[in-house]
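Peer 1: Going by this note's numbering, the sequence shown opens with residue 3, and the numbers climb by one from there.
Heads up, the beta-carbon is just placed ideally off N, CA and C, and yes, glycines get one too.
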Amino acid sequence: MGGMARATGKVTLSNIVGETVAEVTPAKHHGLGRGGPALLKQVPLFANLSAHHLRKLASRCEVVRYPANRTVVRQEARGDSFFVIADGTAAVKRGTRTIGRLGPGDFFGEMALLDGRPRSASVVATTPLVTVRLTRSEFTKAIDDNPAMARGIMAELAARVRRLEATPAH
Numbered sequence: 003m004g005g006m007a008r009a010t011g012k013v014t015l016s017n018i019v020g021e022t023v024a025e026v027t028p029a030k031h032h033g034l035g036r037g038g039p040a041l042l043k044q045v046p047l048f049a050n051l052s053a054h055h056l057r058k059l060a061s062r063c064e065v066v067r068y069p070a071n072r073t074v075v076r077q078e079a080r081g082d083s084f085f086v087i088a089d090g091t092a093a094v095k096r097g098t099r100t101i102g103r104l105g106p107g108d109f110f111g112e113m114a115l116l117d118g119r120p121r122s123a124s125v126v127a128t129t130p131l132v133t134v135r136l137t138r139s140e141f142t143k144a145i146d147d148n149p150a151m152a153r154g155i156m157a158e159l160a161a162r163v164r165r166l167e168a169t170p171a172h
């Protein structure tokens, strides 16, 4: 973190506060701006939710920033959060191999909301990354408060299972 202070040659209070705010505020500030529900609507798991339920879910999300090269989720670690990328890019890795790339509008970790099982891959920021995060506990509270929300999510999961069953095994 000291890089910024060195570049200017002097440490000012605004330098320190500016850096601190960028790191600390996202986790404290719940809820997304007006674009939040639209961002969540792009996620297949939430595609069947009403505008009302999308707003409820967005209010439980938080914006989390990661510097380039930071691991966002680690393969085999227990998953407890779902992420949508708002800005920046990331690499999906299995072991040391890159198996995919993600950018704005892409998402990962949605199955962790449902089962909390270990991650099947790591996701590493390739540029500074701005994500929208929904934790499993916040997701569970949203469902407890709005049981109808679960119906929309179950409909999407059922559609996924049917698609998988319809695909011939190789």
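1. Measure from the alpha carbon of Cys-63 to the alpha carbon of each residue in Thr-142, Pro-149 and Glu-167, then state which is nearest.
2. Between the Cα of Phe-109 and the Cα atoms of Thr-100, Val-74 and Asn-50, which residue gives the shortest distance?
3. Name the one or two DSSP bridge partners that Arg-135 has.
4. Among residues of its own chain, excluding the 5 on either side of Gly-107, which ones have a beta-carbon nearer than 8 Å to its beta-carbon?
5. Quick check: what's the CA-CA separation for Arg-76 versus Val-134?
6. Looking at Glu-112 and Leu-47, is the spacing between their C-beta atoms short of 8 Å?
7. Decide if Gly-97 is buried, meaning its Cβ has at least 16 other Cβ atoms within 10 Å, or exposed.
8. Out of curiosity, what's the CA-to-CA distance linking Arg-36 and Glu-140?
9. Going by alpha carbons, who is nearest to Ala-79 out of Lys-58, Leu-59, Ile-155 and Ser-122?
10. Pick from Asp-89, Leu-34, Gly-38 and Val-163: whose alpha carbon is nearest that of Arg-67?
11. Keeping to the same chain, check which residues put their C-beta closer than 7 Å to that of Thr-169; ignore five residues upstream and five downstream.
12. State yes or no: is the C-beta of Gly-38 within less than 8 Å of the C-beta of Ala-70?
13. The beta strand (DSSP E) with Val-125 in it runs from where to where?
Peer 2: This is what the structure gives:
1. Thr-142
2. Val-74
3. Glu-64 and Phe-85
4. Leu-41, Gln-44, Val-86 and Ile-87
5. 17 Å
6. yes
7. exposed
8. 19 Å
9. Ser-122
10. Asp-89
11. none
12. no
13. Going by DSSP, Val-125 is part of the beta strand (DSSP E) stretching over 124 to 127.
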